[in-house]
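Take the sequence shown: its letter number 251 is residue 256 in my numbering, and every next letter is one higher.
Glycine included, every Cβ here is placed at the ideal spot set by N, Cα and C.
For reference, the structure discussed in these notes is given below.
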Amino acid sequence: MQVPLKELYEKLVWRYDDAPYVFGYAAVGFQVCLVVIRKDSTKPRAAKAEVINHYDLSELDGRLSFLLALLNLSTLFRPVIELIQPFSIPDYGILRRTNGVTISFAEDCVIKEYPSNMQSNAIIKNLKTLHGDMKKHSVPNVVTLVKANMKKRHVLLAPIGLVAPPTDVKQLVTALRDILKALVALHKLKLMHRDLRWDNVLKYQQDRDEWFLIDFDEGQLQSNDMHAEMLQAANAERAKMNLPPLCDNTKPMSHTGSSGSSTPI
Numbered sequence: 006m007q008v009p010l011k012e013l014y015e016k017l018v019w020r021y022d023d024a025p026y027v028f029g030y031a032a033v034g035f036q037v038c039l040v041v042i043r044k045d046s047t048k049p050r051a052a053k054a055e056v057i058n059h060y061d062l063s064e065l066d067g068r069l070s071f072l073l074a075l076l077n078l079s080t081l082f083r084p085v086i087e088l089i090q091p092f093s094i095p096d097y098g099i100l101r102r103t104n105g106v107t108i109s110f111a112e113d114c115v116i117k118e119y120p121s122n123m124q125s126n127a128i129i130k131n132l133k134t135l136h137g138d139m140k141k142h143s144v145p146n147v148v149t150l151v152k153a154n155m156k157k158r159h160v161l162l163a164p165i166g167l168v169a170p171p172t173d174v175k176q177l178v179t180a181l182r183d184i185l186k187a188l189v190a191l192h193k194l195k196l197m198h199r200d201l202r203w204d205n206v207l208k209y210q211q212d213r214d215e216w217f218l219i220d221f222d223e224g225q226l227q228s229n230d231m232h233a234e235m236l237q238a239a240n241a242e243r244a245k246m247n248l249p250p251l252c253d254n255t256k257p258m259s260h261t262g263s264s265g266s267s268t269p270i
């Protein structure tokens, strides 16, 4: 019984800060143990379990005692549930994407593993470059690459966010503000996310309305040739609408002196 009891709280990431405790159980054969699970104040986001009682379901008396205990505890379920804020991260289990990528959750980070049919080495190498630049220049409101392992085909990313799209105008404005801050900083680095959508915008877990950008798997540093092609395409569209062309602000401006020579600004 000690093994399932230990696994019950050691594998659990505490995300019930508004509730003083939650309930759980562990079972081996006919032996069942009811427990109350609390936040472990000695470790961040860790949990600890306290045994309520043990029950032997192989005997009628044990089954009746277990049923009575559940009936008594049921009066506490609703008050506890009402204290817990909704969240979308599973306590256990693995999320599987349609492209075969799997996502599991550690205590304070996400483990993203790539399938064997994907070019994981190229993806991970690119992620290390992009996240290295973002960290060096302190880009705000973006996910952080904690660790990368090409041999195991996975990366560790933090923080763990919530799938919580804005629910009102105020939250929408705040979310757009946070993501625009990230995009402005990324633009200065000539770094393109290339997969901007609400699925890749998560809310921080803290009790605050702040969002951040995730999933840079398709991200790319913009080369000068790519910039020129994008500028040319944009100006072609502007010409159709009789709008003036955009200037290439990546090139140094110049002015001409009285002697006719050109001097960079």
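Report the rounded CA-to-CA distance for P25 versus R213, giving the unit in angstroms.
-> Residue mapping note: residue 25 aligns to position 20 of the sequence shown, counting from 1. Residue mapping note: residue 213 aligns to position 208 of the sequence shown, counting from 1. C-alpha separation (whole angstroms): 20 Å.
Look up V144 in the DSSP assignment and say whether it is helix, strand or coil.
-> Reading the sequence shown from its first residue, position 139 is the one you call residue 144. Here V144 sits in coil by DSSP.
Apart from the five residues on each side of it in sequence, which residues of its chain come closer than 6 Å, Cβ to Cβ, to V85?
-> Sequence index remark: in the sequence shown, residue 85 carries index 80 (1-based). Its chain contains A24 as the residues whose beta carbon lies nearer than 6 Å to that of V85, once the 5 sequence neighbours on both sides are disregarded; these appear in chain order.
Would a C-beta distance cut-off of 9 Å place H5 and K117 closer than the cut-off?
-> Nothing can be reported for residue 5: it is not among the residues displayed for the chain, which extend from 6 to 270.
How big is the Cα-Cα spacing for P171 and S79?
-> Within the sequence shown, the letter at position 166 stands for residue 171. Within the sequence shown, the letter at position 74 stands for residue 79. Looking at the two C-alpha atoms, the distance is approximately 33 Å.
Once you ignore the five residues that flank C114 on each side, which residues in its own chain have a CB closer than 7 Å to its CB?
-> Here residue 114 refers to the residue found at position 109 when the sequence shown is read from its first residue. Same-chain partners within the cutoff: V151, L161, L162, A163 and I165.
Indicate whether A52 and L10 have their beta-carbon atoms separated by less than 9 Å.
-> Numbered from 1 along the sequence shown, position 47 holds the residue referred to as residue 52. Numbered from 1 along the sequence shown, position 5 holds the residue referred to as residue 10. In terms of Cβ geometry, A52 and L10 do not form a close pair [threshold 9 Å].
At least 3 beta-carbon pairs within less than 8 Å: the region 24-42 vs the region 59-67 | The region 24-42 is in contact with the region 59-67.
Cβ of C114 versus every heavy atom of the ligand MG: is any distance shorter than 8 Å?
-> Among the ligands in the structure shown, none appear at all, so the ligand MG cannot be discussed.
Cβ pair A246, Q225 closer than 9 Å = Taking the sequence shown and counting its residues from 1, one reaches residue 246 at position 241. Taking the sequence shown and counting its residues from 1, one reaches residue 225 at position 220. Inspection of the sequence shows that residue 246 is occupied by Met rather than by Ala. Against a cut-off of 9 Å, the Cβ pair of Q225 and M246 comes out as no contact.
L207 - containing alpha helix (DSSP H), residue span | As a first step, residue 207 must be located in the sequence shown, where it is residue number 202. First-last for L207: V206 to K208, but that is the beta strand (DSSP E), not the alpha helix (DSSP H).
Which residue or residues does DSSP assign as beta-bridge partners of E55?
-> As a working note, residue 55 is residue 50 in the sequence shown. Paired residue(s): V41.
In angstroms, rounded to a whole number, what distance separates the CA positions of A187 and K140?
-> As a working note, residue 187 is residue 182 in the sequence shown. As a working note, residue 140 is residue 135 in the sequence shown. Whole-angstrom Cα-Cα distance: 12 Å.
Could you tell me the distance, in whole angstroms, from the CA atom of Q210 to the CA atom of S121?
-> Residue 210 sits at position 205 when you count from the first residue of the sequence shown. Residue 121 sits at position 116 when you count from the first residue of the sequence shown. If I take the Cα positions, the gap works out to 32 Å.
Give the straight-line distance between the Cα atoms of G262 and I128, rounded to the nearest whole angstrom.
-> Working through the sequence shown from its first residue, we reach residue 262 at position 257. Working through the sequence shown from its first residue, we reach residue 128 at position 123. Because the pLDDT of G262 is 48, which lies under 50, any placement of that residue in the model is unreliable, and the question is left without a value.
For M155, name the three-state secondary structure that DSSP assigns.
-> Numbered from 1 along the sequence shown, position 150 holds the residue referred to as residue 155. It is coil, neither helix nor strand.
Nearest to I89 (by Cα), restricted to the options R202, V27 and V168 | Position 84 of the sequence shown, counting from 1, holds the residue named residue 89. Residue V27 is the option with its Cα nearest to I89.
Taking the DSSP output, what are the residues bridged to V85?
-> Position 80 of the sequence shown, counted from the first residue, corresponds to residue 85. Note: V85 sits in no beta bridge, so no partner.
Hey, out of N154, K157 and G137, whose CA is closest to V148's CA?
-> Sequence index remark: in the sequence shown, residue 148 carries index 143 (1-based). Residue G137 is the option with its Cα nearest to V148.
Roughly how many whole angstroms lie between the Cα atoms of R101 and T107?
-> Within the sequence shown, residue 101 is the residue found at index 96, counting from 1. Within the sequence shown, residue 107 is the residue found at index 102, counting from 1. R101 and T107: Cα-Cα distance of roughly 5 Å.
For Y119 and L181, the rounded distance between their alpha carbons = As a first step, residue 181 is located in the sequence shown; it is residue number 176 there, counting from the start. As a first step, residue 119 is located in the sequence shown; it is residue number 114 there, counting from the start. Going from the Cα of L181 to the Cα of Y119 covers about 30 Å.
Name the DSSP beta bridge partners of S109, please?
-> What you label residue 109 is simply residue 104 of the sequence shown in a count that begins at 1. Paired residues: I116.
Keeping to the same chain, check which residues put their C-beta closer than 6 Å to that of A31; ignore five residues upstream and five downstream.
-> The sequence position of residue 31 within the sequence shown is 26, counting from 1. P9, L10, L13 and C38.
Counting only the same chain and skipping the five closest in sequence on each side, list residues whose C-beta sits under 8 Å from that of M6.
-> For the purposes of this step, residue 6 is identified with residue 1 of the sequence shown, where counting begins at 1. Answer for M6: A31, V33, Q36, C38 and H59, listed in chain order.
What residue range is occupied by the uninterrupted alpha helix (DSSP H) comprising A190?
-> In the sequence shown, residue 190 corresponds to position 185, counting from 1. Unbroken alpha helix (DSSP H) run through A190: V174 to K193.
Beta-carbon spacing of V168, L207 below 9 Å = Along the sequence shown, one-based indexing puts residue 168 at 163. Along the sequence shown, one-based indexing puts residue 207 at 202. Cβ distance < 9 Å, so V168 and L207 count as in contact.
Look at L177 and L201 and say whether their C-beta atoms are less than 9 Å apart.
-> Counting from 1 along the sequence shown, the entry for residue 177 is found at position 172. Counting from 1 along the sequence shown, the entry for residue 201 is found at position 196. No, the Cβ-Cβ distance between L177 and L201 is not below 9 Å.
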